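Just below is one structure, and these are the notes that go with it.
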Amino acid sequence: MNIERHSLAKELPEFKDKIHELKMKDRHFARLFDDYHNVDHEVIRIEEGLENTSDEYLESLKKRRLYLKDQLYRILKCA
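This is how it looks when you write it as structure tokens:
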């Protein structure tokens, strides 16, 4: 099975430099970025069959990932 990774640099390539800059300078952005990365990693592990969980839990993780991406995007647009 080919699992699509959702790294922020891949999802928002036009902000690659700004992402790096904000990770270093903005603690709130860095925390959100880390949360996004951790949730994405957990989704991938579940989709690859490395962890077992309910469909509802997986769906909640995907919604959390989208919410975090939206928050990060808002910060990037304003920076």
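0 is the number of the first residue of the sequence shown in numbering that gives the first Met the number 0; add one for each residue after it.
All residues carry an ideal CB built from backbone N, CA and C; glycine is no exception.
Just so it is clear, the structure is predicted and the values come from calculations on it, not from any experiment.
query = Would you call residue 39 buried or exposed, if buried means 16 or more other Cβ atoms sit within 10 Å of its Cβ?
reply = The residue in question, residue 39, is buried, as its Cβ has 16 or more Cβ neighbours within 10 Å.
request  = Evaluate residue 35 with the Cβ neighbour count: other Cβ atoms within 10 Å of its Cβ, from every protein chain shown; 16 or more gives buried, anything less gives exposed.
outcome  = By the neighbour-count rule (16 or more Cβ atoms within 10 Å), residue 35 is buried.
request  = Just the C-alpha distance for residue 47 and residue 78, rounded to the nearest angstrom, thanks.
outcome  = Straight-line Cα distance between these residues: approximately 35 Å.
task = Keeping to the same chain, check which residues put their C-beta closer than 7 Å to that of residue 5; ignore five residues upstream and five downstream.
result = Result list for residue 5: 39, 64, in chain order.
inquiry  = Would residue 75 and residue 17 be called neighbours here (beta carbons separated by less than 8 Å)?
reply    = For residue 75 and residue 17, yes; Cβs fall inside 8 Å.
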